[in-house]
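For the record, the sequence lines run as chains A and B.
Converting from the first sequence to this note's numbering requires adding 126 to each position, the first position being numbered 1.
Converting from the second sequence to this note's numbering requires adding 126 to each position, the first position being numbered 1.
Quick reminder that beta carbons are idealized off the backbone N, C-alpha and C, glycines included.
Protein chains: 2
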Amino acid sequence: MRPGDVRRAARAQVLTGPTAGLAPGFAQGNLVVLPSGVADEFHRFCELNPKPCPLIAVTEIGRPHVPSLGEDIDLRMDLPRYRVWRDGDLADEVCDITHLWRDDFVGFVLGCSFSFEEALMAEGIPLKHVRSRTNVSMYRTNIACRSAGVFAGPLVVSMRPLVAADAIRAVEITSRFPAAHGAPVHLGDPSQIGIRDLSSPDYGDAVDVASNELPVFWACGVTPQAAIAQARIPFAITHAPGCMLVTDLAAAASTTHRGCTGPRPPQGNTDR
Amino acid sequence: MRPGDVRRAARAQVLTGPTAGLAPGFAQGNLVVLPSGVADEFHRFCELNPKPCPLIAVTEIGRPHVPSLGEDIDLRMDLPRYRVWRDGDLADEVCDITHLWRDDFVGFVLGCSFSFEEALMAEGIPLKHVRSRTNVSMYRTNIACRSAGVFAGPLVVSMRPLVAADAIRAVEITSRFPAAHGAPVHLGDPSQIGIRDLSSPDYGDAVDVASNELPVFWACGVTPQAAIAQARIPFAITHAPGCMLVTDLAAAASTTHRGCTGPRPPQGNTDR
Numbered sequence: 127m128r129p130g131d132v133r134r135a136a137r138a139q140v141l142t143g144p145t146a147g148l149a150p151g152f153a154q155g156n157l158v159v160l161p162s163g164v165a166d167e168f169h170r171f172c173e174l175n176p177k178p179c180p181l182i183a184v185t186e187i188g189r190p191h192v193p194s195l196g197e198d199i200d201l202r203m204d205l206p207r208y209r210v211w212r213d214g215d216l217a218d219e220v221c222d223i224t225h226l227w228r229d230d231f232v233g234f235v236l237g238c239s240f241s242f243e244e245a246l247m248a249e250g251i252p253l254k255h256v257r258s259r260t261n262v263s264m265y266r267t268n269i270a271c272r273s274a275g276v277f278a279g280p281l282v283v284s285m286r287p288l289v290a291a292d293a294i295r296a297v298e299i300t301s302r303f304p305a306a307h308g309a310p311v312h313l314g315d316p317s318q319i320g321i322r323d324l325s326s327p328d329y330g331d332a333v334d335v336a337s338n339e340l341p342v343f344w345a346c347g348v349t350p351q352a353a354i355a356q357a358r359i360p361f362a363i364t365h366a367p368g369c370m371l372v373t374d375l376a377a378a379a380s381t382t383h384r385g386c387t388g389p390r391p392p393q394g395n396t397d398r
Numbered sequence: 127m128r129p130g131d132v133r134r135a136a137r138a139q140v141l142t143g144p145t146a147g148l149a150p151g152f153a154q155g156n157l158v159v160l161p162s163g164v165a166d167e168f169h170r171f172c173e174l175n176p177k178p179c180p181l182i183a184v185t186e187i188g189r190p191h192v193p194s195l196g197e198d199i200d201l202r203m204d205l206p207r208y209r210v211w212r213d214g215d216l217a218d219e220v221c222d223i224t225h226l227w228r229d230d231f232v233g234f235v236l237g238c239s240f241s242f243e244e245a246l247m248a249e250g251i252p253l254k255h256v257r258s259r260t261n262v263s264m265y266r267t268n269i270a271c272r273s274a275g276v277f278a279g280p281l282v283v284s285m286r287p288l289v290a291a292d293a294i295r296a297v298e299i300t301s302r303f304p305a306a307h308g309a310p311v312h313l314g315d316p317s318q319i320g321i322r323d324l325s326s327p328d329y330g331d332a333v334d335v336a337s338n339e340l341p342v343f344w345a346c347g348v349t350p351q352a353a354i355a356q357a358r359i360p361f362a363i364t365h366a367p368g369c370m371l372v373t374d375l376a377a378a379a380s381t382t383h384r385g386c387t388g389p390r391p392p393q394g395n396t397d398r
């Protein structure tokens, strides 16, 4: 399937589940939709914390389109599943948000780790959570994000166990994906970043770390969701876990786009 | 000092010691001079083991010149100090090898870690052995090099202790220096590569690894010297430790050159 095929399947509600592995080679993105009253502060939060929050596009106010990621994209229906948040609590999960869309909404698309995981596997680096078909292990750290207005909170990381030679190659490979969290933020001793027990992740599923493996930690897209929940924003919409926006951007070429709100349309690799 | 100034100082025997820190920004190289009878096998050994033996130039038989690294270079006198080896044993240390040069000699110049160490320090990554003005710690590993003819032996590695965040950045930075040993070959548990005791290096000086640091291991230019000693080559000449050939190549742009023996002159970045 090409990216447009995946989006059309989601729009038709034929696809209502995770997008992992669909349209390989193309960047997928996390979605955050916020009212314009807090959008500027969230935009600034992303810019201050680019490793967990790599912005790849921001919509104009009230517009559900992101032509820089695909001419036909409509953020209200092109993701398989959405989560609706009220006062920081999960309120609903839906497959279309057209009925909820408002003229003051701003959509943020953030790069996600699917892009670099695909590249790691293509280089022969085994990912245990993919093999076991579980979610990646995620942890809240003692590293504070830089705050912006109401948005603040800890850096959340994902962890993948790798033998040392693979860890080194994984650093080399993922550093080429700055719009998909980039190089790891830590490896080795988890206690150095405030993680007490690797076998009890805060999100996702536990995975065994063998004696010849190092835990390798990457900044994680759950970070902005945790900041939104902590800020108890009255109304917000995000993608549902694993149910991403599949874009027309090549995963490997994806780079962080900045300052793309306001009157200018978002600028991207595929702008025509 | 520019690279040519350093070479002229060595040629005049004003400079007779280490070249570390001289002509910053320019690649320095290890030297190996061998009779043509074993030169082809050594060339192949380097090509089979590019991380410890990153060839940046090979001379034509009997010629002491390497125009790809600097038009005026004469390998017989442009290094501050040389070591002469007979049957694999150190026989002499001299500042000029003109009187020893023979028509059947082939010179090999290999990239060295000075280039990436300079880049690491420029990025604010502290190197303990530089601060303490001691030699880097080096160890024989249980990783066998790929053999070529008489040349074989273990991979020798250098070790630098770094905190995790710096280790990750060091992988990113040194991967851009393929002609200076490139990215590390291992990090973390030394026993996985056959090193029993970090405090007893096989070459160089011991350095303390703090509890919040990881030992990070790079392939080391002592590897080919160990192979030459092990092969008990009747006659060979190398640079003396730390007394390198300073080239006109930019350190950051240095890349591995291959297949540059034979009738073609060596090809390099600065060829005119």
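Query, Result
"Three-state class that DSSP yields for Gln356 (chain B) in the structure shown", "helix"
"Within 8 Å, strictly: CB atoms of Ile359 (chain B) and Ile223 (chain B)", "no"
"When A:Arg128, A:Gly130, A:Ala245 and A:Pro150 are compared against Phe303 (chain A), the one with the closest alpha-carbon", "A:Ala245"
"Which listed residue (A:Arg202, A:Arg295 and A:Phe242) has its alpha carbon closest to that of His225 (chain A)", "A:Arg202"
"Ile251 (chain B): contacting residues in chain A (beta-carbon distance under 7 Å)", "None at all; the shortest Cβ gap to chain A is about 14 Å."
"Of the residues A:Leu181, A:Ser258 and A:His255, the one placed nearest Cys238 (chain A), counting alpha carbons only", "A:Leu181"
"Asp374 (chain A), DSSP secondary structure in three states", "strand"
"Supposed contact pair Val282 (chain A) and Pro367 (chain A) - C-beta distance, whole angstroms, cut 8 Å", "That belief does not hold up - the Cβ atoms of Pro367 (chain A) and Val282 (chain A) are roughly 13 Å apart, past 8 Å."
"Neighbourhood of Leu95 (chain A) by C-beta, 7 Å cutoff - its chain only, sequence neighbours within 5 removed", "Residue coverage of chain A in this structure runs from 127 to 398, which leaves residue 95 (chain A) outside it and unanswerable."
"Cβ pair count under 8 Å reaching 3, the region 188-205 of chain A against the region 313-330 of chain A", "no"
"Helix, strand or coil at Leu141 (chain A) [DSSP, three-state]", "coil"
"Supposed close pair Cys346 (chain A), Ser284 (chain A) - CB separation, criterion 8 Å", "4 Å"
"Close-in-space but distant-in-sequence residues of the same chain around Trp211 (chain A) (CB under 8 Å, 5 per side omitted)", "Ala217, Ile354, Ala355, Ile359, Phe361, Ala362, Ile363 and Thr364"
"Own chain residues within Cβ distance below 8 Å of Ser241 (chain B), not counting five before or after", "Ala153, Gln154, Phe303, Ala305, Ala306, Ala377, Ala378 and Ser380"
"Within 8 Å of chain A by C-beta, residues of the region 302-334 of chain B in sequence order", "Ala309, Pro310, Val311, His312, Leu313, Gly314, Asp315 and Gln318"
"Proximal chain B residues relative to Leu288 (chain A), where beta-carbon distance stays under 7 Å", "Under the 7 Å cutoff, chain B gives no residues; its nearest Cβ is about 11 Å from Leu288 (chain A)."
"Contact list for Leu371 (chain A) against chain B, beta-carbon separation under 8 Å", "The contacting residues do not exist; Leu371 (chain A) stays about 28 Å from chain B at best."
"Simplified DSSP assignment, three categories, for Met127 (chain A)", "coil"
"Separation of Val333 (chain A) from His255 (chain A), as counted between CA atoms", "7 Å"
"Contact with chain B by Val297 (chain A), beta-carbon distance below 8 Å", "yes"
"Span separating the alpha-carbon of Thr142 (chain B) from that of Ile251 (chain B)", "29 Å"
"Short CB-CB distance (under 8 Å) between Ala293 (chain A) and chain B", "yes"
"Residue-chain proximity (Leu141 (chain B), chain A), Cβ-Cβ < 8 Å", "no"
"Cross-chain neighbours of Asn338 (chain A) in chain B, by beta carbon under 7 Å", "Gln318"
"Chain-order list of residues whose beta-carbon lies under 7 Å from that of Ala149 (chain A) (same chain, five-residue window excluded)", "Met127, Arg128, Pro129, Val132 and Val372"
"Residue-level contact to chain D via CB, Cys172 (chain A), 8 Å cutoff", "Here chain D cannot be found, since the structure's protein chains are A and B."
"Three-way DSSP call (helix, strand, coil) for His255 (chain A) in this model", "helix"
"Close beta carbons around Ser301 (chain A), own chain, < 7 Å, minus the five adjacent residues each side", "Gly308 and Ala309"
"Ala291 (chain A) versus B:Asn175, B:Val342, B:Arg134 and B:Ala138, residue with shortest Cα-Cα distance", "B:Val342"
"Range of the contiguous beta strand (DSSP E) that encloses Asp215 (chain A)", "Asp215 to Val220"
"Pairwise C-alpha distance: Tyr208 (chain B) and Gly163 (chain B)", "21 Å"
"Own chain, CB closer than 6 Å to Pro161 (chain A), minus 5 neighbours either side, in chain order", "Asp230"
"Residue of A:Gly147, A:Ala293 and A:Leu375 minimising C-alpha distance to Ala257 (chain A)", "It should be pointed out that residue 257 (chain A) corresponds to Arg in this sequence rather than to Ala. For the residues A:Gly147, A:Ala293 and A:Leu375, the minimum Cα distance to Arg257 (chain A) belongs to A:Gly147."
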